[in-house]
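Number of protein chains: 2
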Amino acid sequence: MAVSNIRYGAGVTKEVGMDLQNMGAKNVCLMTDKNLSQLPPVQIVMDSLVTNGINFKVYDNVRVEPTDRSFLEAIEFARKGAFDAYVAVGGGSTMDTCKAANLYASSLHSDFLDYVSAPIGKGKPVSVPLKPLIAVPTTSGTGSETTGIAIFDYEQLKVKIGIASRALKPTLGLVDPRHTLHMPGRVVANSGFDVLCHALESYSALPYHMRSPCPSNPIFRPAYQGSNPVSDIWAVQALRIVAKYLKRAVRNPDDLEARSNMHLASTFAGIGFGNAGVHLCHGMSYPISGLVKTYKAKDYNVDHPLVPHGLSVVLTSPAVFTFTAQMFPERHLEMAEILGADTRTARAADAGPVLADTLRKFLFDLDVDDGLAAIGYSKADIPALVKGTLPQERVTKLAPCPQSEEDLSALFEASMKLY
Amino acid sequence: MAVSNIRYGAGVTKEVGMDLQNMGAKNVCLMTDKNLSQLPPVQIVMDSLVTNGINFKVYDNVRVEPTDRSFLEAIEFARKGAFDAYVAVGGGSTMDTCKAANLYASSLHSDFLDYVSAPIGKGKPVSVPLKPLIAVPTTSGTGSETTGIAIFDYEQLKVKIGIASRALKPTLGLVDPRHTLHMPGRVVANSGFDVLCHALESYSALPYHMRSPCPSNPIFRPAYQGSNPVSDIWAVQALRIVAKYLKRAVRNPDDLEARSNMHLASTFAGIGFGNAGVHLCHGMSYPISGLVKTYKAKDYNVDHPLVPHGLSVVLTSPAVFTFTAQMFPERHLEMAEILGADTRTARAADAGPVLADTLRKFLFDLDVDDGLAAIGYSKADIPALVKGTLPQERVTKLAPCPQSEEDLSALFEASMKLY
Ligand SMILES: NC(=O)c1ccc[n+]([C@@H]2O[C@H](COP(=O)([O-])OP(=O)(O)OC[C@H]3O[C@@H](n4cnc5c(N)ncnc54)[C@H](O)[C@@H]3O)[C@@H](O)[C@H]2O)c1
Ligand SMILES: NC(=O)c1ccc[n+]([C@@H]2O[C@H](COP(=O)([O-])OP(=O)(O)OC[C@H]3O[C@@H](n4cnc5c(N)ncnc54)[C@H](O)[C@@H]3O)[C@@H](O)[C@H]2O)c1
Ligand SMILES: [Fe+2]
Ligand SMILES: [Fe+2]
Chain X
1 MAVSNIRYGA
11 GVTKEVGMDL
21 QNMGAKNVCL
31 MTDKNLSQLP
41 PVQIVMDSLV
51 TNGINFKVYD
61 NVRVEPTDRS
71 FLEAIEFARK
81 GAFDAYVAVG
91 GGSTMDTCKA
101 ANLYASSLHS
111 DFLDYVSAPI
121 GKGKPVSVPL
131 KPLIAVPTTS
141 GTGSETTGIA
151 IFDYEQLKVK
161 IGIASRALKP
171 TLGLVDPRHT
181 LHMPGRVVAN
191 SGFDVLCHAL
201 ESYSALPYHM
211 RSPCPSNPIF
221 RPAYQGSNPV
231 SDIWAVQALR
241 IVAKYLKRAV
251 RNPDDLEARS
261 NMHLASTFAG
271 IGFGNAGVHL
281 CHGMSYPISG
291 LVKTYKAKDY
301 NVDHPLVPHG
311 LSVVLTSPAV
321 FTFTAQMFPE
331 RHLEMAEILG
341 ADTRTARAAD
351 AGPVLADTLR
361 KFLFDLDVDD
371 GLAAIGYSKA
381 DIPALVKGTL
391 PQERVTKLAP
401 CPQSEEDLSA
411 LFEASMKLY
Chain V
420 MAVSNIRYGA
430 GVTKEVGMDL
440 QNMGAKNVCL
450 MTDKNLSQLP
460 PVQIVMDSLV
470 TNGINFKVYD
480 NVRVEPTDRS
490 FLEAIEFARK
500 GAFDAYVAVG
510 GGSTMDTCKA
520 ANLYASSLHS
530 DFLDYVSAPI
540 GKGKPVSVPL
550 KPLIAVPTTS
560 GTGSETTGIA
570 IFDYEQLKVK
580 IGIASRALKP
590 TLGLVDPRHT
600 LHMPGRVVAN
610 SGFDVLCHAL
620 ESYSALPYHM
630 RSPCPSNPIF
640 RPAYQGSNPV
650 SDIWAVQALR
660 IVAKYLKRAV
670 RNPDDLEARS
680 NMHLASTFAG
690 IGFGNAGVHL
700 CHGMSYPISG
710 LVKTYKAKDY
720 NVDHPLVPHG
730 LSVVLTSPAV
740 FTFTAQMFPE
750 RHLEMAEILG
760 ADTRTARAAD
770 AGPVLADTLR
780 KFLFDLDVDD
790 GLAAIGYSKA
800 DIPALVKGTL
810 PQERVTKLAP
820 CPQSEEDLSA
830 LFEASMKLY
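If you read the sequences in order, they're chains X and V. Its first residue numbered 1, the first sequence is counted upward by one per residue in our numbering. Its first residue numbered 420, the second sequence is counted upward by one per residue in our numbering.
Below is the structure:
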């Protein structure tokens, strides 16, 4: 089954060689990370390339939670290889690295900061044509197979930022639920929290008709447009699936029904937030990941400290939605209800606490660390966390209500402990 | 707000001149029908073109329920005009005519039957590049702004058939709910029935993984893929809106909330059925429209007999879903429930009759003619109606169960009287 640029189904990955042939590709770059390079999803893709007589080179040096340095290494590989198509097999880290490699290999004379979002980069619009990129997600997950975004950790500033352009959107996403059977439990949980927050944030984002200023010409419409009747559908649907299947998917490695549904939810939430935007959980997560000190994430087979993206977004969610509920209490109650709360007697004024409690219980049931303190932060870090959030305007301005520096401080403080 | 190629919102039509300018258009063809050419939607588009200094010619000779002859006239206009972009302002009749004009003006040496679907036409794939086409729907409706389909009445055989290719999909759809305020009641009702059937048929279509034969190469995937988890979302959402708002939209010309929602539902259902397909109500509707004798539709300001498309599809719906319910009774009960039935005590075996009764009541409440007999057909016409359905394989094979000629006869017979 296919819609827009997504093909979903058990076994669709086997067709990747034919897809590349149909695109006329002759010299393909296959990107993945070290861990995945030993696992079936990459093997299936390589077999399909071989069967279809497609020449390819493998780059398996993707960094889990990529940095500017790791992006640059992949870019160098891509520039040297002069590839005519790309296949990314992995989670957001791999897909995002591959998007960046394709972009800068198609734009040989650009400096790295040229396309990085302002205010840290120059935010130049992409006008060069990129090569076809096929994304094969293996987590559930970022939805990066549907978005025009690539995120990395800018080491110098210790903050995550992104490159955002419709041009980065993969030509085709092959969403094959079988790959999810290989994911370790914490990768299922953390990437599932990413789906959860994509859904919650896009559903509660500033409504499209309240966004300002109104662009003078439709060509200037931002990629993130605020919540709207179409993104709402994707968000609600993804949230329903998370509510029904995430716990099962985490707990039972071979529950194909639960893991398949979460894989689809990841794509759905991606389409939704790629259109509406995300806001505070994501904006605040970028310094939480960027400033990581010593935290080592269970089940992540890497040799560096890391706060997985999904964990970094979900830890602030109870505080964030308590704060935003004032604006659209009905929507917040609706989200709580989908996540299992009994909201029949709840009043609008309770929307924030009701949703926050529902989230806390959900996270507790899934063994999530007890707040920012548990992953190595203390009160003394709050000014740095706030400072790292301020340049994330691209997303934070989509929150339903504006936030002062004091508000951000209070949100980080309220997220130190969850239970 | 925009998603894929749709921009939705009150007032988006005013931007059409800027959109055309952004596309570099200098010589535009504006298509509409005689009736709409006197109404605000066309005026707003013309004003925007003038304001933005875009040269354009108007073709307002679109036939409501177009024929091969009316398509050919529009094609001739387009070929002579050598336009570099098209704007279609109207219902499915206008959008479909404009798609055909664009296609054949971009393919000067093709014969008309070349691109018409087999077995009546040659079903050639479209490999020529088309000009940009902006669709501004004014009914709620066909969803033609989202689909690669153009339908016409092939007069010689007295049957409706189509041209289907992804290449026909409009570059941009401007979905502006304000236009719906001008629609007369029966146009709201009939085009709303089209939305209803798009949703019901795509939700009950053969599931994508049961479709056969499985294409040997992804490039051969058909446009209509059967029901799938993505099209299901659009179908269910559209059905919910129809259940909630269609009656209000028909009865109150200035219920902007109801009419806006139906306008969005029309686009949603279009995305859904454009991906999953429709089946028997549509397949059987083509001879019902094509063989029309003397029926004149209320509120349709035209000088020829006509069975509006939405009416021609909905009249067989109680019979069709009684027949298909055997295959997927739960889905049929779910559709009945969304349309307001109490299904708590219903058994699987009742799914067909429960949905059929719900539909009959819905149609009765909306003053729909009492079956095929009320629009001029009798038992004696059944063989011709069946004969006209047989070549509609493109859609009928997406029904959840195969149909013999006897089955089709029985379905037409059961649709002679509804109440
Ligand atoms: N582009 C976007 O739209 C977008 C959106 C959200 C997040 N992100 C970014 O994506 C990154 C996170 O990506 P992620 O959460 O998908 O994880 P990831 O790519 O960082 O991978 C996490 C770990 O799981 C392993 N893994 C992945 N799939 C596996 C499988 N099927 N079997 C076994 N192991 C598997 C990897 O090898 C790695 O060790 C972050 O950098 C984040 O900022 C991007
Ligand atoms: N391409 C597709 O995907 C697709 C899908 C379904 C149906 N169709 C085709 O579309 C056609 C039917 O289109 P339709 O139902 O949209 O109606 P239509 O285009 O035939 O218009 C019906 C009547 O309503 C009038 N009208 C339209 N909008 C109005 C408005 N805002 N105010 C006042 N009057 C208005 C028109 O002038 C006309 O008289 C049929 O030929 C059908 O086969 C195409
Ligand atoms: Fe995310
Ligand atoms: Fe239709």
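We put the CB at the ideal spot given by N, CA and C, even for glycine.
Residue i burial status per 10 Å Cβ neighbour count (16 or more: buried)
{"i": "X/Met31", "result": "buried"}
{"i": "X/Leu20", "result": "buried"}
{"i": "V/Met420", "result": "For V/Met420, the pLDDT reaches just 44, beneath the cut-off of 50, and the residue's location in the model is therefore unreliable, although a value from the coordinates is still provided. Buried, since its Cβ has 16 or more Cβ neighbours within 10 Å."}
{"i": "V/Cys517", "result": "buried"}
{"i": "V/Asn454", "result": "buried"}
{"i": "X/Pro222", "result": "exposed"}
{"i": "V/Met754", "result": "buried"}
{"i": "X/Val12", "result": "buried"}
{"i": "V/Asn720", "result": "exposed"}
{"i": "V/Arg482", "result": "buried"}
{"i": "X/Val368", "result": "buried"}
Same chain, Cβ closer than 6 Å to residue i, five either side skipped, listed in chain order
{"i": "V/Gly691", "result": "Ser621, Ser650, Trp653 and Ala654"}
{"i": "X/Ile151", "result": "Asp96, Lys160 and Gly162"}
{"i": "X/Thr94", "result": "Met31, Thr32, Asp33, Val62 and Ala88"}
{"i": "X/Ile149", "result": "Gly162 and Ala164"}
Residues near residue i in its chain [Cβ-Cβ closer than 7 Å; skip 5 each side]
{"i": "V/Val739", "result": "Leu699, Cys700 and Leu830"}
{"i": "V/Lys543", "result": "Asp533 and Tyr534"}
{"i": "X/Thr171", "result": "Asn5, Pro132, Leu133 and Ile134"}
8 Å CB neighbourhood of residue i in its chain, flanking five on each side removed
{"i": "X/Cys401", "result": "Phe323, Thr324, Gln326 and Met327"}
{"i": "X/Met23", "result": "Ala85, Pro132 and Thr171"}
Boundaries (first-last residue) of the alpha helix (DSSP H) holding residue i
{"i": "V/Met681", "result": "Leu675 to Ala695"}
{"i": "V/Ile463", "result": "Pro459 to Thr470"}
{"i": "X/Ile120", "result": "First-last for X/Ile120: undefined, no H or E at that position."}
{"i": "X/Val314", "result": "His309 to Val314"}
{"i": "V/Arg813", "result": "Glu812 to Thr815"}
{"i": "V/Val555", "result": "Run containing V/Val555: none in the alpha helix (DSSP H); it sits in the beta strand (DSSP E), Leu552 to Pro556."}
Below-8 Å beta-carbon distance, residue i vs any chain V residue
{"i": "X/Ala2", "result": "Low local confidence applies: a pLDDT of 47 at X/Ala2 is under 50, so the model's placement there is unreliable, with the coordinate-based value given in what follows. Yes - at least one Cβ of chain V is within 8 Å of the one on X/Ala2."}
{"i": "X/Gly123", "result": "no"}
{"i": "X/Gln403", "result": "no"}
{"i": "X/Ile425", "result": "The structure shown does not extend to residue 425 of chain X, since chain X spans only 1 to 419, so no value can be given for it."}
{"i": "X/Tyr8", "result": "yes"}
{"i": "X/Ile44", "result": "no"}
{"i": "X/Gln237", "result": "yes"}
Minimum Cβ-Cβ distance from residue i to chain X less than 8 Å
{"i": "V/Gly568", "result": "Reading the sequence as shown, one finds Ile at residue 568 of chain V and not Gly. No, its Cβ sits nowhere closer than 8 Å to a Cβ of chain X."}
{"i": "V/Met437", "result": "yes"}
{"i": "V/His628", "result": "yes"}
{"i": "V/Arg750", "result": "no"}
{"i": "V/Leu683", "result": "yes"}
{"i": "V/Ile652", "result": "yes"}
{"i": "V/Glu434", "result": "yes"}
{"i": "V/Pro648", "result": "yes"}
Per DSSP, the bridge partner or partners of residue i
{"i": "X/Ile288", "result": "None, per the DSSP bridge assignment."}
{"i": "X/Asp33", "result": "X/Val62"}
{"i": "V/Arg750", "result": "None, per the DSSP bridge assignment."}
{"i": "V/Thr486", "result": "V/Asp572"}
{"i": "V/Ile473", "result": "V/Ile473 is not bridged to any residue."}
{"i": "X/Pro207", "result": "X/Ser227"}
Boundaries (first-last residue) of the beta strand (DSSP E) holding residue i
{"i": "X/Ile151", "result": "Ile149 to Tyr154"}
{"i": "X/Val175", "result": "Leu172 to Val175"}
{"i": "X/Lys160", "result": "Val159 to Ala164"}
{"i": "V/Ala507", "result": "Ala504 to Gly509"}
{"i": "X/Ala235", "result": "X/Ala235 -> not in any beta strand (DSSP E); alpha helix (DSSP H) instead, spanning Pro229 to Arg251."}
{"i": "X/Ala319", "result": "X/Ala319 -> not in any beta strand (DSSP E); alpha helix (DSSP H) instead, spanning Ser317 to Thr324."}
Distance cut-off 7 Å: residue i Cβ against heavy atoms of ligand 6
{"i": "V/His728", "result": "No copy of ligand 6 occurs in the structure displayed; its ligands are ligand 1, ligand 2, ligand 3 and ligand 4 alone."}
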